Amino acid sequence: MTSTISLFLSKTIFAHERKKSSSDETILKIFQNIIDFSQNTIYFRKKETIAQDLSALSPKQFHQLITKLCKNLASNKDPIKTLQRLLEIIPIQALEKAIRIDHPSHINALQTSKDMLQKSKRVLEKTTYKMRSSLHTKMTMVMDSLISIIENILTVSGVNQIFRPSENDLDADMKGQRLMGLVTLMSLLSTSLIPLLGASFTSMFVGGLLLFLIILCLIYPIVRPAPFFLPSAKNWSSLFEQGKLFVADGRKKALDEIARTLIGNKTVKTHPMLIGKTGVGKTETIKSLVQAISRGDYPELKGKRVFYINTADLVNYKESFGNGGSKILSKISNLMGRHRDKFILVFDEIHLACQKNEQSAIGEQLKTLLDPGNESFPYVIGITTEEEFYRDIYVNHSAFARRFKRINIESTTPSETLEILQNSLLQRAPKTIVENGALQFLMKSTHTLTEPTSSLKILTTCIQKTAESQKSPLEITADQIRSHIQELLSSSSTSSGTDFLPYTRKEKLTKLETELQAIDKKIKEKKVEYSRLSQARDTLWDIKRLIYGKVLKTAPLSTENISSSIQKELKSVLFLSHFLAPAMESFVREESNRLGIKTVIDKPLIQSILKEEKENNKKVQAAILHGKTQIRERSA
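Quick note on numbering: numbering that gives the first Met the number 0 labels position 611 of the sequence shown as 610, and the sequence is numbered without any gaps.
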């Protein structure tokens, strides 16, 4: 009886294995035909045959085939180029059936595209917006450089100061000195040119130059375009357009309130004052405003340029040069000229201008500039903490405080913090792979669910640790050996006793140099693999961008508008998102693990960085405690 059962099981297993082998052979044959077709090594007439073979496969077999195919494509140099030919022979119905094996809720390609629309818009907006208007920005910078040259000529010659109204008696006396200086300059120029050009031509040239400067000085304030630079200020709008201003986008509610206050400032002269705890993100909110204005979120503010000024710079300048701080405000006002309506001035730490000491002159002048008038600052944003607002502004300078509308910047909610982290990642390192749940783990681990500052700091370190510029384990080992060799060479000059003799040291150096040569040789051999990994990371990001772009193209359509070309686009979305992108990511992960290079932000990486931060904080606290102890001992 037992032998009969054994014989039956053996026959059943044999039949199953034979069936499985036959299935594998069929899949392998189709797979090879697809590869040949993609490489254009078979006749085009086989296209229909391959499509029929694919349609005859079961969903499970088709899934197995496409997975194998994508794994093969992931190791190629240009899988996206190969994809275009493959889409000609892959039936969309078979593709959808295969997708339902892992995703039973999948409806169809168009619905998947519609479901991905919002994410696609967000990713492409965050990663491509800063690249717009780069030519316009460069041309603006060139024009402003020319303007700066003209202004420097007028300033050096002193002509522009001569024709301005005098602010006081001292300024009137200075005008006389500038006029005498200009006469002296022209006289010296004439003396040096007469031997070369002759008296007649020199007098015509110098007189024409002086007349040109006078006319330019009179006309220039009228035709002068808006300046690109302002004293002691950073042009954040320009930096953003150049992609040099990092923006942790978020706080839509606060941005709307700031914008409403600025827009309403035309009728009711009240400027926004951002108030919140240190580290809550007040300054980052203004950076988000720069992006929102450039993006066109607030049409009433279109074309306005945001300039950032740290009030501490005005105060420090004043301490060194008398009334320098208030002079800078006058220079800013003069440079803005007839274009002052185009500027939004941001004064960080604005409370410093209102403290009860020598800074009061800055506060008084700034208060005057906040009022309506032809020489005023139409759009101003103040930034300070709640404590400093009440201590230095509300108590000491209530008239100054009345010119502002308080806008409280509250701690972010967990969802807002997560959005800020995601936007930060998209802008700084879109090619980096992030493990599912890693950002949520980061928020919980930093214990700052309501404030993004600490989480952003850790995320920035994670990005640095996974950057393409990171060193491989071999390169780190090579650096350590070089450092050891340098230590041995340096210690030879201060050695004594038996260490003074070269024998032992020479043996150590020879051994280390031999090790270093071997490692350098391995590094050169591995360079090709490192380059391949870097290319794979770029390709993965290109695939994702291609998916998002095709989603934007297909998602707005309805079922009645699906042409053959659109169907191919939808087929591409499914193939890329469900098969090729995961295969490419898997390839990147495997290669990075094999080479010992970090490419994924995951929980272990976050934990290791948090551990480093805690150790560094302990060292800092120990150093502070040691310093305080030394101060007490000296005082005693």
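Even glycine gets a Cβ: it sits at the ideal position worked out from N, Cα and C.
Note that the structure is predicted; figures quoted are calculated from it, not measured.
Residue 442 - containing alpha helix (DSSP H), residue span: As a first step, residue 442 is located in the sequence shown; it is residue number 443 there, counting from the start. Element bounds for residue 442: 437–445.
Close Cβ partners of residue 263 (< 8 Å) along its chain, the five nearest in sequence each way excluded: For this step, residue 263 is matched to residue 264 along the sequence shown. So the qualifying residues of the chain are 269.
Alpha-carbon spacing of residue 449 relative to residue 424, whole angstroms: Translated into positions along the sequence shown, residue 449 becomes position 450. Translated into positions along the sequence shown, residue 424 becomes position 425. A caution first: residue 449 carries a pLDDT of 47, below 50, which makes its placement in the model too unreliable to give a value.
Extent of the continuous alpha helix (DSSP H) to which residue 228 belongs: Reading the sequence shown from its first residue, position 229 is the one you call residue 228. Element bounds for residue 228: n/a, residue is neither H nor E.
Cβ-Cβ separation, residue 346 to residue 379 (assumed contact under 8 Å), whole Å: For this step, residue 379 is matched to residue 380 along the sequence shown. For this step, residue 346 is matched to residue 347 along the sequence shown. Their Cβ separation, rounded to whole angstroms, is 7 Å, which keeps residue 379 and residue 346 in contact under 8 Å.
With 16 other Cβ atoms within 10 Å as the buried cut-off, status of residue 78: Walking along the sequence shown from the start, residue 78 turns up at place 79. By the 10 Å Cβ count, residue 78 comes out buried.
Beta-carbon proximity check, residue 569 vs residue 119, cutoff 7 Å: One-based indexing of the sequence shown puts residue 569 at position 570. One-based indexing of the sequence shown puts residue 119 at position 120. No, they are not a contact pair.
Own chain residues within Cβ distance below 7 Å of residue 438, not counting five before or after: Counting from 1 along the sequence shown, the entry for residue 438 is found at position 439. Cβ within range, chain order: 417, 420 and 421.
Bridge partners - residue 272, DSSP secondary structure assignment: Walking along the sequence shown from the start, residue 272 turns up at place 273. Beta bridge pairing from DSSP links residue 272 with 381 and 405.
Per-residue burial, residue 203 [other beta carbons within 10 Å of its own, 16 or more giving buried]: In the sequence shown, the residue the question calls residue 203 occupies position 204. Residue 203 is classed as exposed because its beta carbon has fewer than 16 other beta carbons within 10 Å across all chains shown.
Unbroken alpha helix (DSSP H) run spanning residue 255, endpoints: For the purposes of this step, residue 255 is identified with residue 256 of the sequence shown, where counting begins at 1. Counting along the chain, the alpha helix (DSSP H) containing residue 255 begins and ends at 251–263.
Meets three-Cβ-pair contact criterion under 8 Å: the stretch 63–75 and the stretch 101–108: no
Alpha-carbon spacing of residue 610 relative to residue 445, whole angstroms: Working through the sequence shown from its first residue, we reach residue 610 at position 611. Working through the sequence shown from its first residue, we reach residue 445 at position 446. Each residue's alpha carbon lies about 11 Å from the other.
Where residue 338 falls, given that 16 or more other Cβ within 10 Å makes a residue buried: Translated into the one-based positions of the sequence shown, residue 338 becomes position 339. When all chains shown are included, residue 338 counts as exposed.
Residue 93 versus residue 592 - alpha carbon distance: By 1-based counting over the sequence shown, the position of residue 93 is 94. By 1-based counting over the sequence shown, the position of residue 592 is 593. If you take the alpha carbons of residue 93 and residue 592, they lie about 34 Å apart.
Where the alpha helix (DSSP H) through residue 604 begins and ends: The residue labelled residue 604 in the question sits at position 605 within the sequence shown. Its alpha helix (DSSP H) spans residues 602–634.
Cβ neighbours of residue 125 in the same chain (closer than 7 Å, five flanking residues each side left out): Here the question's residue 125 lines up with position 126 in the sequence shown. These residues qualify, in order along the chain: 422, 425 and 426.
Contacts around residue 481, its chain only, beta-carbon distance under 7 Å, and the 5 residues preceding and following it disregarded: Residue 481 sits at position 482 when you count from the first residue of the sequence shown. Counting only Cβ-Cβ distances below 7 Å, and skipping sequence neighbours, we find 515.
Environment of residue 364 [buried if 16+ CB atoms lie within 10 Å]: Start at 1 with the first residue of the sequence shown, and residue 364 comes out as number 365. With 16 or more other Cβ atoms inside 10 Å of its own Cβ, residue 364 counts as buried.
Cβ-based burial, residue 618 [other Cβ within 10 Å; buried from 16]: For the purposes of this step, residue 618 is identified with residue 619 of the sequence shown, where counting begins at 1. That one is exposed.
Residues of its chain near residue 291, where Cβ-Cβ distance is below 8 Å and the 5 sequence neighbours each way are ignored: Translated into positions along the sequence shown, residue 291 becomes position 292. Around residue 291: 254, 258 and 297.
For residue 327 and residue 401, the rounded distance between their alpha carbons: The residue labelled residue 401 in the question sits at position 402 within the sequence shown. The residue labelled residue 327 in the question sits at position 328 within the sequence shown. Per the coordinates, the alpha-carbon of residue 401 lies some 24 Å from the alpha-carbon of residue 327.
Residues of its chain near residue 633, where Cβ-Cβ distance is below 7 Å and the 5 sequence neighbours each way are ignored: Here residue 633 refers to the residue found at position 634 of the sequence shown. Answer for residue 633: no residue qualifies.
Cβ-Cβ distance between residue 271 and residue 404 below 7 Å: Counting from one through the sequence shown, the residue named residue 271 turns up at place 272. Counting from one through the sequence shown, the residue named residue 404 turns up at place 405. Yes, Cβ-Cβ distance for residue 271 and residue 404 is below 7 Å.
Exposure of residue 605, with buried meaning 16 or more beta-carbon neighbours within 10 Å: On the sequence shown, residue 605 is found 606 positions in, with the first residue counted as 1. Counting Cβ neighbours within 10 Å, residue 605 comes out buried, since at least 16 surround it.
Buried/exposed call for residue 342, threshold 16 Cβ in 10 Å: For the purposes of this step, residue 342 is identified with residue 343 of the sequence shown, where counting begins at 1. Buried is the call here.
Test: residue 48 CB closer than 7 Å to a CB of chain C: You won't find chain C in this structure, because it holds only one protein chain.
Cross-strand partners of residue 304 (DSSP beta bridge): As a first step, residue 304 is located in the sequence shown; it is residue number 305 there, counting from the start. Within the DSSP secondary-structure output, residue 304 pairs in a beta bridge with 342.
Segment limits, alpha helix (DSSP H) that includes residue 668: In the structure displayed, the chain extends from 0 to 635; residue 668 sits before or after that span and is not available.
Residues that residue 106 bridges to, as DSSP identifies them: Numbered from its first residue, the sequence shown carries residue 106 at position 107. The partner list for residue 106 (beta bridge, DSSP) is empty, contrary to what the question assumes.
Residue of 230, 585, 386 and 247 minimising C-alpha distance to residue 433: Along the sequence shown, one-based indexing puts residue 433 at 434. Per the Cα distances, 585.
Contact set for residue 301: own chain, Cβ-Cβ below 8 Å, skip 5 residues either direction: The sequence position of residue 301 within the sequence shown is 302, counting from 1. Non-local C-beta neighbours of residue 301 in its own chain, meaning closer than 8 Å and more than five positions away in sequence, comprise 292 and 295, ordered along the chain.
Reference residue 352, options 288, 309 and 465, closest by Cα: Your numbering for residue 352 matches position 353 in the sequence shown. For residue 352, the nearest C-alpha among the options comes from 309.
Exposed unless 16 or more other CB atoms sit within 10 angstroms - verdict on residue 475: In the sequence shown, the residue the question calls residue 475 occupies position 476. The residue is exposed, with fewer than 16 neighbouring Cβ atoms inside 10 Å.
Residues sharing a beta bridge with residue 114, DSSP: Here the question's residue 114 lines up with position 115 in the sequence shown. Note: residue 114 sits in no beta bridge, so no partner.
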